[in-house]
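Asker: Quick note on numbering: the sequence shown equals residues 1 to 310 in full-length UniProt numbering.
Note that CB positions come from ideal geometry on N, CA and C, so glycine has one too.
Model, not experiment: these values are computed from the prediction.
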Amino acid sequence: MQVPEKNKLNSSQWLLIVALIAAAYACYTLITPYINSIVMAFIISLLMFPIHEKLEQKMPSMPNTSALLSCIILTFIVVIPLLLVFTAIVQQGSSFSQDVYRWVSGGGIQEMFSQPWIVKGLDLVNKYLPFDTLEPSEIGQKIAELASTFGSNLVAISATVIGNATNFLLNFGLMLFVLFFLLRDHDKIIAGMRHILPLSRSQEDRLLNEIEQVSKSAVMGSFLTAIAQGFAGGIAMWLSGFPGLFWGTMMGFASFIPVIGTALIWVPACIYLLFIGETGWAIFLLVWSVAIVALSITSYVRFLCKVAQV
């Protein structure tokens, strides 16, 4: 089947297509180093928009001022406290790794493995599992190496963050720049999307509402759950004798891991408490982590998101 002559592309049209593709690729190459900042600005704009909307209602004739105030609020209420928390996390993590290393080096691991029930359990493992015999001295050496490596890596990460302060400030400034225009020109962006979409007005409304609801649900639900689980888990870890801020933060990050979640943190902590003879605290941490952190908080956050229609 031959294509009608009038539908064929001439050389000028092909040249235009090639130029558009080249321009699109050039734009992609330019924004690739900053794509994380741009994506983060889109995510934060979803979270900040309710606050910005209230400011906009109080200052309807000053869109630039309301968007600028929203960015300032984000900086002073969220970012600066997060930097302070990050500093405390590094200090607690480094201190914890040093304490573990000193405990292992001081014979704590040998004392722990001298308990009768642990000796029986280790004999059972050595009898039935198909690998080399586990010796307390080897386990202690591995734990000491892990603690030393963990502390060194934590200090190295903090040094890298501090050393890349200029890069961080550049990316943060770009994120605020993009966020400013996303908040200020929210209505124009929505209007532009409506103009591009080949749908009826009702279909556009439904599609945009679904996109907004799904995005907010994914972002707010995940982040609120992580914050709540990290806070509750940090309290339990602190009461059980661990650095609460550090391990609470680790629980918050672990909550994003599918299936395993916060169990990646509190299960080893419970085992450690059992090994050192703190059975009561091990049971407390287990019950708290399952009943409060894993079940109650997740259900409560989902309920709040549903009530708020987020």
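1) How would you call M62, buried or exposed, if buried means at least 16 neighbouring beta carbons within 10 angstroms?
2) Mind checking T262: buried by the 16 CB within 10 Å criterion, or exposed?
3) Going by the beta-carbon positions, is the gap between C71 and L176 smaller than 7 Å?
4) Give me the Cα-Cα distance between D187 and I38, rounded to the nearest whole angstrom.
5) Which residues in the same chain have their Cβ closer than 7 Å to the Cβ of G252, if we skip the five residues on either side of it in sequence?
6) Tell me whether I257 sits in a helix, a strand or coil according to DSSP, three-state version.
7) Going by beta-carbon coordinates alone, are L179 and S45 separated by less than 7 Å?
8) Can you give me the start and stop residues for the alpha helix (DSSP H) that M59 sits inside?
9) Return the residue from the list S299, T249, A282 that minimises the CA-CA distance to F86.
10) Pick from Q213, S299, F284, L183: whose alpha carbon is nearest that of M48?
11) Given N64, which residues of its chain have a CB within under 8 Å of its CB, disregarding the five upstream and five downstream residues?
12) I need the boundaries of the alpha helix (DSSP H) containing V287, first residue and last residue.
13) Report the three-state DSSP secondary structure of V3 (helix, strand or coil).
14) My understanding is that L285 touches A232, with C-beta atoms under 8 Å, so please give their C-beta distance in whole angstroms.
15) Check each candidate in I211, F172, G173 and name the one with the smallest Cα separation from I190.
16) How many Å lie between V310 and L74 at the Cα?
17) Which residue's Cα is closest to the Cα of L224: P33, W247, T298, V78?
18) Just confirm the distance between the C-beta atoms of S240 and L273, as a whole number of angstroms; I'd bet it's less than 8 Å.
19) Ends of the alpha helix (DSSP H) at T32?
20) Reducing DSSP to helix, strand and coil, say where T262 ends up.
21) Does I196 come out as helix, strand or coil in the three-state DSSP assignment?
22) Compute the Euclidean distance between the alpha carbons of Y34 and L174, then round it to the nearest angstrom.
23) Closer than 6 Å to a non-hydrogen atom of the ligand SAM - does that hold for the CB of M175?
24) In this structure, how does DSSP classify S66 when only helix, strand and coil are distinguished?
25) What's the call for V56, buried or exposed, on a 16-neighbour Cβ count within 10 Å?
26) Is it buried or exposed for V293, if we count other Cβ within 10 angstroms and need 16 for buried?
Answerer: According to the structure data:
1) Around the beta carbon of M62, a 10 Å sphere encloses fewer than 16 other beta carbons of the protein chains shown; the residue is thus reported as exposed.
2) It is buried - the Cβ of T262 has at least 16 other Cβ atoms within 10 Å.
3) Yes; because the gap between Cβ atoms is below 7 Å, this pair is in contact.
4) Computed Cα separation, rounded: 19 Å.
5) Within the same chain, Cβ atoms closer than 7 Å to the Cβ of G252 are found at A226, I227, Q229, G230, the five residues on either side in sequence being excluded.
6) Note: I257 maps to coil in three-state DSSP.
7) Yes, they are a contact pair.
8) No alpha helix (DSSP H) contains M59, which DSSP labels as neither H nor E.
9) Nearest of S299, T249, A282 to F86, Cα basis: T249.
10) Comparing Cα positions, the closest option is L183.
11) Same-chain partners within the cutoff: R184.
12) Counting along the chain, the alpha helix (DSSP H) containing V287 begins and ends at 279 to 288.
13) Low local confidence applies: a pLDDT of 47 at V3 is under 50, so the model's placement there is unreliable, with the coordinate-based value given in what follows. Residue state, collapsed to three classes: coil.
14) Actually they do not touch by this definition, with Cβ atoms about 12 Å apart.
15) Comparing Cα positions, the closest option is I211.
16) Residue placement at V310 cannot be trusted, given a pLDDT of 48 that sits under 50; what the coordinates show is reported in the next sentence. Cα-Cα distance, rounded: 20 Å.
17) For the residues P33, W247, T298, V78, the minimum Cα distance to L224 belongs to T298.
18) Between S240 and L273 the beta-carbon gap is near 6 Å, inside 8 Å, which marks them as a contact.
19) Under the DSSP assignment, T32 falls outside any alpha helix (DSSP H); it carries neither an H nor an E label.
20) Three-state DSSP puts T262 in coil, outside helix and strand.
21) When secondary structure is reduced to three states using DSSP, I196 falls in the helix class.
22) Those two C-alpha atoms are separated by around 8 Å.
23) Because no ligand of any kind appears in the structure shown, any question about the ligand SAM cannot be addressed here.
24) Note: S66 maps to helix in three-state DSSP.
25) Sequence check: residue 56 is Glu here, not Val. Buried, since its Cβ has 16 or more Cβ neighbours within 10 Å.
26) Residue burial annotation: V293 is buried, with at least 16 other C-beta atoms found within 10 angstroms of its C-beta.
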